[in-house]
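150 is the number that our numbering gives the last residue of the sequence shown; the numbers go up by one with no jumps. Just so you know, even glycine gets a beta-carbon here, dropped at the ideal spot from N, CA and C. Nothing here was measured: the structure is a model prediction, and the numbers come from that model.
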Amino acid sequence: MWTGRPGGRPYGLPVLPFDWHNRIMSDDRPDDKAAPSLRIRIVFGEDAMLGPGKADLLERIRETGSIAAAGRAMAMSYKRAWMLVEEMNNAFRDPLVESTRGGSRGGGARLTEAGETVLTNYRKLEEILAEAGAARIGSLRSMLRDISE
């Protein structure tokens, strides 16, 4: 159904906040201090970075075998998903995602060996830093103001 808006969302429908770890965030948060999380963005210079969004996109491509489906799963346009894949492929020595063009058989995408290695290393780094920083995160959390007042 054409709605007259880019993205096809009818007027008046709310845009929900979206957590890039594929969970819809709730507006009813009784205790905003309940679940602190660490989000890591690695900046390799002006033109290359890897963060939670790109890592999640790689994961969705692995799961779905499609850049378009991965983007849809993350509430992201096909164009945006392709742009991020191209950024990653251009930033690393070897491409992270390999795609095949559509047609009568349909296209597809898969992570290359380099893509699997980058994703594995990023996820492991998340684990290591979360464990190493747990006490400090807890300390910071204990200093937060009670927002529900």
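Give the straight-line distance between the Cα atoms of residue i and residue j, rounded to the nearest whole angstrom.
i           : j           : result
residue 81  : residue 72  : 8 Å
residue 136 : residue 41  : 17 Å
residue 31  : residue 57  : Interpretation of residue 31 is limited by its pLDDT of 45, a score under 50 that renders its predicted location unreliable; no figure is taken from the coordinates.
residue 67  : residue 46  : 29 Å
residue 115 : residue 98  : 8 Å
residue 145 : residue 131 : 19 Å
residue 50  : residue 96  : 14 Å
residue 101 : residue 91  : 17 Å
residue 64  : residue 111 : 9 Å
residue 87  : residue 147 : 43 Å
residue 108 : residue 59  : 17 Å
residue 133 : residue 39  : 11 Å
residue 44  : residue 103 : 33 Å
residue 22  : residue 75  : Residue placement at residue 22 is flagged as unreliable, the pLDDT there being 47, under the threshold of 50; a coordinate-derived value is accordingly withheld.
residue 70  : residue 113 : 18 Å
Provide the residue span of the beta strand (DSSP E) that contains residue i, from first to last.
i           : result
residue 100 : 98 to 101
In terms of DSSP beta bridges, what is residue i paired with?
i           : result
residue 109 : 101
residue 43  : 51
Could you give the first and the last residue of the continuous alpha helix (DSSP H) run that contains residue i?
i           : result
residue 126 : 114 to 143
residue 71  : 68 to 74
residue 146 : That residue, residue 146, is in no alpha helix (DSSP H); it is neither H nor E in DSSP.
residue 89  : 79 to 92
Taking all protein chains shown into account, do 16 or more other C-beta atoms lie within 10 angstroms of the C-beta of residue i, making it buried, or fewer, making it exposed?
i           : result
residue 84  : exposed
residue 125 : exposed
residue 94  : exposed
residue 128 : exposed
residue 62  : buried
residue 19  : Confidence at residue 19 is low in this model, with a pLDDT of 46, below 50, so the placement of that residue should be treated as unreliable; the coordinate-derived value is given next. Exposed is the call here.
Worksheet item: Pairing CB atoms from the region 113 to 122 with CB atoms from the region 136 to 147, are three or more of them under 8 Å?
Response: At 8 Å Cβ cutoff, the stretches do not touch.
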